[in-house]
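Since the structure comes first, as structure tokens, the remarks are kept for the end.
Numbering (the numbering used here), first residue to last: 19 to 174.
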């Protein structure tokens with residue numbers, strides 16, 4: 019009797035829907051070893067190249083450096099709030115709308131392969147997939163008629 023109920027349970031709830039049991043913990047995801055909440059003093063030890071400041075005022079700012087992520091060239095942008103990392107982004111430029119769509123699809127596919135189906139998916143003039151944890155989220159985003167795609171690791 020117990021075996022019959024167990025087999026019935028497996029039939030009703032197929033294993034193909036088991037991403038929530040096996041996907042990586044989104045709160046442990048990093049980009050270049052950087053995570054939101056990291057002490058800003060440690061950032062330079064994770065960045066192999068030159069870091070440029072985009073803006074800075076009283077412990078709040080954004081720095082950038084060139085690099086590659088998931089097979090794409092682009093620029094890493096690290097946002098700080100009171101000396102701690104608040105967001106890590108990777109921005110890859112494109113040449114036209116068609117290339118933006120192609121790269122968005124490639125990067126969203128890479129993240130889906132790593133983290134399973136997204137928790138949030140938006141598809142209108144803004145295209146976004148987001149995987150959420152308790153403390154942070156990772157997303158891939160593109161906007162129609164812009165020539166870049168962004169992956170962002172953000173804290174809540």
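Positions of the beta carbon are idealized from the N, C-alpha and C atoms, including for glycine.
If you're wondering where the values come from, they're calculated on a predicted model, not measured in any experiment.
DSSP, read as helix, strand or coil, puts residue 168 in strand.
Burial of residue 129 is indicated by the presence of at least 16 other C-beta atoms within 10 angstroms of its C-beta.
Taken in chain order, the complete alpha helix (DSSP H) segments of 4 residues or longer contained in the stretch 110 to 146 are 115 to 133. With a threshold of 16 other beta carbon atoms within 10 Å, residue 141 falls short and is exposed. As DSSP reads the structure, residue 82 sits in a beta bridge with 70 and 95.
With the rule of 3 Cβ pairs closer than 8 Å, the stretch 109 to 120 counts as touching the stretch 152 to 169.
Here residue 52 carries a strand assignment [DSSP, helix/strand/coil]. Cβ atoms of residue 70 and residue 83 come within 8 Å of each other, at about 7 Å. With contact defined as three or more Cβ pairs closer than 8 Å, the stretch 54 to 61 and the stretch 142 to 152 are not in contact. Per DSSP, the continuous beta strand (DSSP E) segment holding residue 161 begins and ends at 154 to 161. Annotated three-state conformation of residue 57 is strand, per DSSP. Excluding sequence positions up to five before and after residue 92, its CB lies within less than 6 Å of the CB of 108, 109 and 110, all in the same chain and listed in chain order. A straight line joining the alpha-carbon of residue 47 with that of residue 101 spans about 21 Å. Annotated as proximal: residue 134 and residue 40, with beta-carbon spacing under 9 Å. Contact between residue 121 and residue 90 holds: their C-beta atoms lie close to 7 Å from each other, under 8 Å.
The secondary-structure analysis by DSSP pairs residue 148 across a beta bridge with 138 and 157.
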